[in-house]
Amino acid sequence: MRSWTSYFLMFSLYLDLLLGSNGDVFRIPPLNVNQKDLLQLLELGDDIKFDVPALYVFGDSTVDSGNNNFLSSTSKANYPPFRVDFADGKPTGQFSNGRIEADFIAQVAGLPFPPPCLGLSKEEQKTLRTGVNYGSSSCGVLPDTEKLFGTCLTFYMQTGLFETTVKNLQPLFDSPTTMADYLSKSLFFISIGNADISTGYDFLDNTTKQQTPFPKFARAISQKFSDNIKKLYDLGARKFLVNSVGMMGCSLMVFNSKRSTMCDDEYNEHAQILNRLLSDLLPKLQSELVGSKFIFADVYKVFADIFASPNPYGFTNTRECCCVAGENGTRTCIRDIRPCNNRNDHVFFDPFHGSETTHFILAKRCLKESSICSPINLVDFLRA
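In mature numbering (1 follows the signal peptide of the UniProt record, and there is no 0), the protein residues as written are -20 to -1, 1 to 364.
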């Protein structure tokens, strides 16, 4: 029987989801929402059963949950106002005011938020079976991407850390078969490639760009991406959710650096070229890697839909970030300055990264829509 606290939470959450700041939009669920209530409020029903023992996350700043805090990097979110809306309001290293897409996916699956790999104690490294986050800000698929902001974890390094995780967890299983079953049911969420464009290709000198036109550069990303997926597969991974790169030419950093209200078409074209390559790659990998399953999340389309019609999502501000950003809005949040009060109304929290509301929309649409997460939506994928 449900407690009055649970009923009150449900009622409050229904109001939040039904009444946005302009009266007709969806709001994010509260931090302490339980899985059953969250499934109901997403109109997924409370009888859905997921057999997902763990969530393993790989990627760049879109998913970094604090790994860069432990690295010699200038790309960190370990200071206020980051994560002002999470738990006690203390920053953890995530580039948002609250939860990110991976956190919402974990809540739907009934799992705890995946902690940063580099922050785990020795005991946790040997016992944690519900998933780990290996994401690292400013890093990408190609090894040269990491150079601009100092040390970070490339995709190759992240898969290497996962290999260590697998070795550490082996004693917890009574046979290789049971561990293989655990890994085959776990979800591997990958959100990477943004930094390869923004701090990889964009910072090449003109001579190098002439010698390496972007389609060629993107093919190199796709090949390295494929190599790392195959490594994860060899280690036991079978279920992959892969994010596209975002609508990078419409980020606030681009607007502010160019002092323009127009999106950068070249940036967006580069994103679309890479997205097409990754989208075409996944079915090929699925046919090659026996027992593997892939879905592709069209993050680019979600942002395009938001920019085209922000009001139905509850956004009233698409051209300003919520925090006070450095260097005329071309750098991340300035330390210890209070962000805006109406954070749910902003698409961006800083000039590069989405607000908690944006992350919830990404997760929600992937969970429910096969036009965003294809060939099937994430709910059906998790149940498969």
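Just so you know, even glycine gets a beta-carbon here, dropped at the ideal spot from N, CA and C.
These numbers were taken from a predicted model, which means no experiment stands behind them.
Within the same chain, show all residues whose beta-carbon is closer than 6 angstroms to that of residue i, passing over the 5 residues directly before and after it, in chain order.
{"i": "lysine 106", "result": "Asn148"}
{"i": "serine 164", "result": "Arg218"}
{"i": "leucine 362", "result": "Phe30 and Val32"}
{"i": "threonine 110", "result": "Ala34, Leu91 and Pro92"}
{"i": "leucine 98", "result": "Asn47 and Phe50"}
{"i": "glycine 306", "result": "Ile314"}
{"i": "lysine 211", "result": "Thr139"}
{"i": "glycine 3", "result": "Note that glycine 3 scores 37 on pLDDT, short of 50, meaning its location in the model is unreliable and no value can be drawn from it."}
{"i": "arginine -19", "result": "Annotation note: pLDDT 45 at arginine -19 (below 50); position unreliable, no value reported."}
{"i": "lysine 16", "result": "Asp26"}
{"i": "glycine 63", "result": "First, the amino acid is wrong: residue 63 is arginine here, not glycine. These residues qualify, in order along the chain: Pro71, Thr72 and Gln74."}
{"i": "phenylalanine 38", "result": "Tyr114, Gln138 and Ile170"}
{"i": "isoleucine 80", "result": "Gln74 and His339"}
{"i": "proline 290", "result": "Thr298"}
{"i": "isoleucine 85", "result": "Ala343"}
{"i": "histidine 326", "result": "Asn297, Cys302 and Ser335"}
{"i": "threonine 312", "result": "Asp330"}
{"i": "arginine 318", "result": "none"}
Tell me residue i's beta-bridge partners as DSSP assigns them.
{"i": "cysteine 230", "result": "Cysteine 230 pairs with nothing; no bridge assigned."}
{"i": "phenylalanine 169", "result": "Val37 and Leu221"}
{"i": "glycine 130", "result": "Ser53"}
{"i": "alanine 305", "result": "Cys313"}
{"i": "glycine 334", "result": "Phe328"}
{"i": "cysteine 353", "result": "Ala277"}
{"i": "asparagine 113", "result": "Val37 and Pro96"}
Measuring CA to CA, which of the options is closest to residue i?
{"i": "leucine 19", "options": "Lys344, Ile352, Ala160 and Gly294", "result": "Lys344"}
{"i": "asparagine 297", "options": "Ser259, Phe328 and Arg311", "result": "Phe328"}
{"i": "glutamate 268", "options": "Phe332, Glu143, Ile85 and Asp214", "result": "Asp214"}
{"i": "leucine 128", "options": "Ile177, Pro156 and Met159", "result": "Ile177"}
{"i": "glycine 342", "options": "Thr312, Cys320 and Asn357", "result": "According to the sequence provided, residue 342 is leucine. The question's glycine does not apply to it. Among Thr312, Cys320 and Asn357, the Cα nearest to that of leucine 342 belongs to Asn357."}
{"i": "serine 171", "options": "Phe153, Thr192, Asn12 and Asn255", "result": "Asn255"}
{"i": "serine 166", "options": "Phe142, Asp124, Pro96 and His250", "result": "Phe142"}
{"i": "arginine 132", "options": "Ser41, Ser237 and Glu104", "result": "Rather than arginine, the amino acid found at residue 132 in this sequence is cysteine. Looking at the Cα atoms, Ser41 is the closest of the given residues."}
{"i": "threonine 145", "options": "Asp161, His326, Leu261 and Leu108", "result": "Leu108"}
{"i": "leucine 203", "options": "Glu246, Leu265 and Ser155", "result": "Sequence check: residue 203 is glutamine here, not leucine. For the residues Glu246, Leu265 and Ser155, the minimum Cα distance to glutamine 203 belongs to Leu265."}
{"i": "aspartate 316", "options": "Lys70, Glu104 and Ala251", "result": "Lys70"}
{"i": "alanine 67", "options": "Met159, Phe197 and Val13", "result": "Val13"}
{"i": "cysteine 302", "options": "Tyr247, Pro60 and Ser155", "result": "Pro60"}
{"i": "proline 193", "options": "Asp65, Glu249, Ser350 and Asp330", "result": "Glu249"}
{"i": "glycine 229", "options": "Asp244, Lys238 and Asn236", "result": "Asp244"}
{"i": "phenylalanine 220", "options": "Leu24, Ser272, Cys320 and Arg199", "result": "Ser272"}
{"i": "threonine 125", "options": "Ser350, His326 and Thr179", "result": "Thr179"}
{"i": "asparagine 321", "options": "Asp65, Tyr247 and Cys119", "result": "Asp65"}
{"i": "valine 43", "options": "Asn236, Pro94 and Ser155", "result": "Pro94"}
{"i": "proline 96", "options": "Arg7, Tyr36 and Leu232", "result": "Tyr36"}
{"i": "arginine 239", "options": "Asp83, Leu24, Arg7 and Glu300", "result": "Glu300"}
{"i": "alanine 198", "options": "Thr310, Asn186 and Tyr181", "result": "Tyr181"}
{"i": "aspartate 83", "options": "Ser45, Lys196, Gly216 and Ile209", "result": "Ser45"}
{"i": "glycine 216", "options": "Glu104, Gln150, Asp185 and Met242", "result": "Gln150"}
Ignore the nearest five residues each way along the sequence and tell me which others in residue i's own chain have a CB closer than 8 angstroms to its CB.
{"i": "lysine 56", "result": "Asn48, Asn49, Gly73 and Ser117"}
{"i": "phenylalanine 205", "result": "Val121, Phe135, Ile172, Gly173, Leu258 and Leu261"}
{"i": "isoleucine 28", "result": "Leu19, Val359 and Arg363"}
{"i": "phenylalanine 153", "result": "Met159 and Tyr162"}
{"i": "threonine 188", "result": "none"}
{"i": "leucine 100", "result": "Leu108 and Val112"}
{"i": "phenylalanine 183", "result": "Leu128"}
{"i": "alanine 288", "result": "none"}
Who are the near neighbours of residue i in its chain, counting only those whose CB is closer than 7 angstroms to its CB and skipping five residues on each side?
{"i": "leucine 347", "result": "Leu22, Val88, Asn357, Leu358 and Val359"}
{"i": "isoleucine 352", "result": "Ala277, Asp278, Lys281, Val282, Arg345 and Cys346"}
{"i": "residue 365", "result": "Limits of the chain in this structure are -20 at one end and 364 at the other, which puts residue 365 out of reach."}
{"i": "threonine 54", "result": "Phe129 and Gly130"}
{"i": "serine 354", "result": "Ile275 and Phe276"}
{"i": "leucine -8", "result": "Because leucine -8 sits at a pLDDT of 48, beneath the cut-off of 50, its placement in the model cannot be relied upon, and the following sentence gives the value as read from the coordinates. Excluding residues within five positions, the ones whose Cβ falls inside 7 angstroms are Pro9, Pro10, Val13, Asp17 and Leu21."}
{"i": "serine 350", "result": "Ile356 and Asn357"}
{"i": "threonine 284", "result": "Going by the sequence as given, residue 284 is alanine instead of threonine. For alanine 284, where only same-chain residues beyond five positions count, the Cβ hits under 7 angstroms are Met227."}
{"i": "threonine 310", "result": "Met233, Asn236, Ser237 and Pro331"}
{"i": "asparagine 308", "result": "Asn236"}
Does the beta carbon of residue i sit closer than 9 angstroms to a beta carbon anywhere in chain B?
{"i": "cysteine 353", "result": "In the structure shown, chain B does not exist; there is a single protein chain."}
Length at least 4, wholly inside the stretch 47 to 96: the alpha helix (DSSP H) runs in chain order = 81 to 89
query = Using 8 angstroms as the threshold, is the stretch 323 to 339 in touch with the stretch 67 to 82, meaning 3 or more CB pairs across them?
reply = yes
key: Completely contained alpha helix (DSSP H) runs for the stretch 249 to 302, where each covers 4 or more residues   = With a minimum length of 4 residues, the continuous alpha helix (DSSP H) runs that stay inside the stretch 249 to 302 are 279 to 288.
task = Only counting runs of 3 or more residues, tell me where the beta strand (DSSP E) segments fall wholly within the stretch 149 to 196, in order along the chain.
result = The stretch 149 to 196 contains these whole beta strand (DSSP E) runs: 167 to 171.
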